[in-house]
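Some notes on the structure that comes next.
There are 2 protein chains.
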Amino acid sequence: MAAKPSTGGEGAAPGSQTLLRGLAILEAVAAGARDLAGLASALGTTRSTTHRLAAALVEQRYLTFAPRDGYGLGPKLLELGFRAQQAAPVTRVARPHLERLSEACGDTIHLGVLEGDWALYLDKLPGRRRIEISSRVGERQPVWSTGLGKALILDLDEARWRHFHHLGEARGGHDPDLETWLARMRAYAARGIAYDREENEPEVRCVAAPIRDASGAIVAAFSVTSTVQYMDEVRMEDLAGTVREAARAICRDLGWQDLGWQDLGRPAIGWAE
Amino acid sequence: MAAKPSTGGEGAAPGSQTLLRGLAILEAVAAGARDLAGLASALGTTRSTTHRLAAALVEQRYLTFAPRDGYGLGPKLLELGFRAQQAAPVTRVARPHLERLSEACGDTIHLGVLEGDWALYLDKLPGRRRIEISSRVGERQPVWSTGLGKALILDLDEARWRHFHHLGEARGGHDPDLETWLARMRAYAARGIAYDREENEPEVRCVAAPIRDASGAIVAAFSVTSTVQYMDEVRMEDLAGTVREAARAICRDLGWQDLGWQDLGRPAIGWAE
DNA sequence: GAACAAGATCCCAATATATGGGATCAGATG
DNA sequence: CATCTGATCCCATATATTGGGATCTTGTTC
């Protein structure tokens with residue numbers, strides 16, 4: 005609907021208009037655009053230009069096109085997405101353990117890593133409850149307000165903790181004030197487990213644990229999420245044990261595999277900025 | 005290494021060189037290219053051009069770049085890939101059932117649909133065996149030689165079966181001759197289960213079943229794959245029952261959900277050409 | 001059953017856009 | 001400290017992209 009200027013964006017790199025427009029088409033389709041007209045208005049280009057780019061994307065299997073239904077995301081994205089997921093060794097290693105955990109607890113499970121100032125979701129296991137946790141693999145979530153995010157920064161010093169809390173305030177986060185939040189973080193760090201008792205969203209609670217590689221550095225984290233009706237205090241305590249157990253098993257797998265991380269100062273996964 | 009001509013390809017659509025080059029970068033990175041020089045030589049462009057495109061892809065989060073490690077596939081691909089997978093309702097619905105099946109049998113499980121003349125892999129569950137089945141989500145496999153492919157075309161008439169066998173011959177397929185293959189297909193169709201007794205690759209066997217939606221049309225299929233040492237005749241017969249059971253459960257879930265497929269003549273998934 | 005409508009596809013001259021040679025910069029290596 | 005590898009930036013040039021409109025296809029209406 006909004007007509008973005010051709011040479012748009014914030015600090016948009018020039019010299020790639022065509023590529024940028026092509027990617028914009030991908031995202032417009034992901035956002036639900038089905039026909040040419042929709043795409044054209046979404047990026048503010050003419051029908052012919054849009055068609056040419058879309059056709060190229062279809063030909064390369066990045067999009068599908070069916071006369072009746074219009075455009076859809078194509079198999080190539082499936083392939084690249086899957087490869088991107090596998091690129092982080094954590095995902096492969098953690099999967100079976102998380103599946104077992106999912107089977108055992110029935111709640112939604114997320115796996116994620118720290119990407120810059122954000123928590124990036126690498127994997128998601130839906131769980132058996134009715135409720136649907138609204139999150140997507142590949143999405144970024146704030147660090148300070150999610151259980152998973154907090155688990156990711158458990159090892160950082162207080163200066164850096166303040167930084168993350170500050171990021172939250174900038175975005176209108178009013179929830180726990182700095183001191184309360186820091187106190188909780190200290191408690192989480194001491195236990196090696198992070199909770200989220202409806203601090204972020206009402207009704208939603210979760211238990212999260214960090215995953216460490218052979219060097220002991222936190223390279224990822226996972227969380228078990230549910231609504232409060234399935235997550236009273238007692239259950240959270242129970243889960244803490246189960247979760248810690250799963251985390252330990254994953255860490256063991258990461259520590260044993262000799263993929264040779266020559267540079268132990270950097271996270272083993274490929275997403276850090 | 006091979007320098008593809010800029011305006012390359014077969015019936016390559018013109019008017020999108022920049023976009024096509026950008027996508028080529030994505031694939032080069034997926035194929036393992038890490039640095040600018042590698043990318044540049046992979047697509048036959050100069051450093052500066054390559055750098056500009058790659059930088060745009062990084063900025064859009066389609067690639068990651070870390071000074072030491074070079075380029076990698078980015079989170080945006082993760083997101084789009086995941087969305088593409090979810091676009092086919094079958095994946096969502098089948099997942100939990102396949103996970104249970106995977107848990108029970110320990111073998112590699114694939115889920116796929118028919119895309120034109122190919123079997124497209126939508127999902128893969130690794131299994132607990134040592135062996136790694138070389139297949140990737142998003143990849144296309146021939147229909148006639150894979151168990152999954154055969155399960156997908158169980159409902160088609162013999163003319164169309166011949167068509168698929170013919171496609172195989174064109175690509176140097178010499179395995180079972182037409183009549184033998186047709187006879188097997190008839191048997192598979194009668195049982196509602198397709199086998200692959202090392203017909204495709206030596207040592208590799210699999211048991212596959214079709215998945216039908218509310219209209220009764222085959223919209224997908226899944227297969228349980230393993231090496232012959234885990235797959236003797238007795239086990240294949242056993243598995244047939246388990247597999248059929250899982251298929252029935254998935255079909256039931258597909259039949260019950262009222263997502264309103266107004267057009268029953270077309271497959272419910274979005275991948276058909 | 002024929003005219004209509006909606007949408008996709010194709011074509012071509014004008015020009016905004018991408019290109020790549022080379023210069024520069026960052027930081028690793030000896 | 002000099003050297004090297006590899007990333008980043010700049011700018012005149014050529015060329016690939018653009019978009020207006022004509023055309024074709026397919027489904028809908030009267």
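Taken in order, these protein sequences are the chains called A and B. Positions in the first sequence are counted from 1; adding 4 to them yields my numbering. Positions in the second sequence are counted from 1; adding 4 to them yields my numbering. Note that CB positions come from ideal geometry on N, CA and C, so glycine has one too.
For the alpha helix (DSSP H) that contains residue i, what are its first and last residues?
{"i": "B/R188", "result": "182-195"}
{"i": "B/V228", "result": "Per DSSP, B/V228 belongs to no alpha helix (DSSP H); it is in the beta strand (DSSP E), 222-231."}
Does DSSP put residue i in a helix, a strand or coil?
{"i": "A/S160", "result": "The question names Ser, but residue 160 of chain A is Leu in the sequence shown. It is coil, neither helix nor strand."}
{"i": "B/E119", "result": "strand"}
{"i": "B/T49", "result": "coil"}
{"i": "A/T54", "result": "helix"}
{"i": "A/T95", "result": "helix"}
{"i": "A/I135", "result": "coil"}
{"i": "B/V211", "result": "strand"}
{"i": "B/A198", "result": "strand"}
{"i": "B/A35", "result": "coil"}
{"i": "B/R25", "result": "helix"}
{"i": "A/R140", "result": "coil"}
Under the rule that 16 or more other beta-carbon atoms within 10 Å means buried, what is residue i, buried or exposed?
{"i": "A/W260", "result": "At A/W260 the pLDDT is 48, less than 50, meaning the model places this residue with poor confidence; the figure from the coordinates comes in the next sentence. Exposed."}
{"i": "B/L47", "result": "buried"}
{"i": "A/T22", "result": "buried"}
{"i": "A/Q89", "result": "buried"}
{"i": "B/T282", "result": "There is no way to answer for residue 282 of chain B, as the model of chain B reaches only from 5 to 277."}
{"i": "B/R56", "result": "buried"}
{"i": "B/G131", "result": "buried"}
{"i": "B/S149", "result": "buried"}
{"i": "A/D39", "result": "exposed"}
{"i": "B/T184", "result": "exposed"}
{"i": "A/H170", "result": "exposed"}
{"i": "B/L27", "result": "buried"}
{"i": "A/L263", "result": "Note that A/L263 scores 36 on pLDDT, short of 50, meaning its location in the model is unreliable; the coordinates nonetheless yield the value given after this. Burial call: exposed."}
{"i": "B/G36", "result": "exposed"}
{"i": "A/G116", "result": "buried"}
{"i": "A/S106", "result": "buried"}
Going along chain A in order, which residues have a C-beta closer than 7 angstroms to the C-beta of residue i?
{"i": "B/E143", "result": "E83"}
{"i": "B/E103", "result": "E103"}
{"i": "B/A34", "result": "L84, R87"}
{"i": "B/A91", "result": "G76, L77"}
Check the Cβ of residue i against every Cβ in chain A and list those closer than 8 angstroms, keeping chain order.
{"i": "B/Q64", "result": "L24, L27"}
{"i": "B/L30", "result": "L84"}
Which two residues bound the contiguous beta strand (DSSP E) that contains residue i?
{"i": "B/Q145", "result": "144-146"}
{"i": "A/T150", "result": "No beta strand (DSSP E) contains A/T150, which DSSP labels as neither H nor E."}
{"i": "B/A251", "result": "Run containing B/A251: none in the beta strand (DSSP E); it sits in the alpha helix (DSSP H), 237-260."}
{"i": "B/A70", "result": "67-70"}
{"i": "B/G74", "result": "74-77"}
Going along chain B, which residues have a C-beta under 9 angstroms from residue i?
{"i": "A/L124", "result": "P79, L82"}
Mind pulling the chain B residues with CB within less than 8 angstroms of residue i?
{"i": "A/G116", "result": "Those do not exist, as A/G116 stays about 11 angstroms from chain B at its closest Cβ, beyond 8 angstroms."}
{"i": "A/A108", "result": "Correct list: empty, because the minimum Cβ distance to chain B is about 12 angstroms."}
Kindly list, in the order they appear in chain B, the residues whose Cβ is closer than 7 angstroms to that of residue i.
{"i": "A/G172", "result": "Near A/G172 there are no residues of chain B at all, since even the closest Cβ is about 21 angstroms away, more than 7 angstroms."}
{"i": "A/G19", "result": "R56"}
{"i": "A/A37", "result": "Ordered by position in chain B, no residue passes the 7 angstroms Cβ test against A/A37, which lies about 13 angstroms from the chain."}
{"i": "A/A119", "result": "This sequence places Glu at residue 119 of chain A; Ala is not what is there. Neighbours of A/E119 on chain B, chain order: P79."}
So does residue i have its beta carbon nearer than 8 angstroms to some heavy atom of the ligand GDP?
{"i": "A/Y199", "result": "Questions concerning the ligand GDP fall outside what the structure shown contains, since it holds no ligand whatsoever."}
Short-range partners of chain B found in the segment 74-88 of chain A, where Cβ spacing is below 9 angstroms | Correct list: G76, L77, G78, P79, K80, L81, L82, E83, L84, G85, F86, R87, A88.
Could you please tell me which residues of the segment 45-61 of chain A, in chain order, have their CB closer than 8 angstroms to any CB of chain B?
-> Going along the segment 45-61 of chain A in chain order, one finds R56, L57, A59, A60, L61 with a Cβ nearer than 8 angstroms to chain B.
Where the segment 217-235 of chain A meets chain B: residues whose CB sits under 7 angstroms from a CB there = Correct list: empty, as no residue qualifies.
What residues in the segment 128-158 of chain A have a beta carbon less than 7 angstroms from any beta carbon of chain B?
-> Of all residues in the segment 128-158 of chain A, those with a C-beta nearer than 7 angstroms to a C-beta of chain B are R140, V141, G142, E143, reading in chain order.
Interface residues of the segment 185-206 of chain B facing chain A [CB-CB below 7 angstroms] | Listed in sequence order: no entries.
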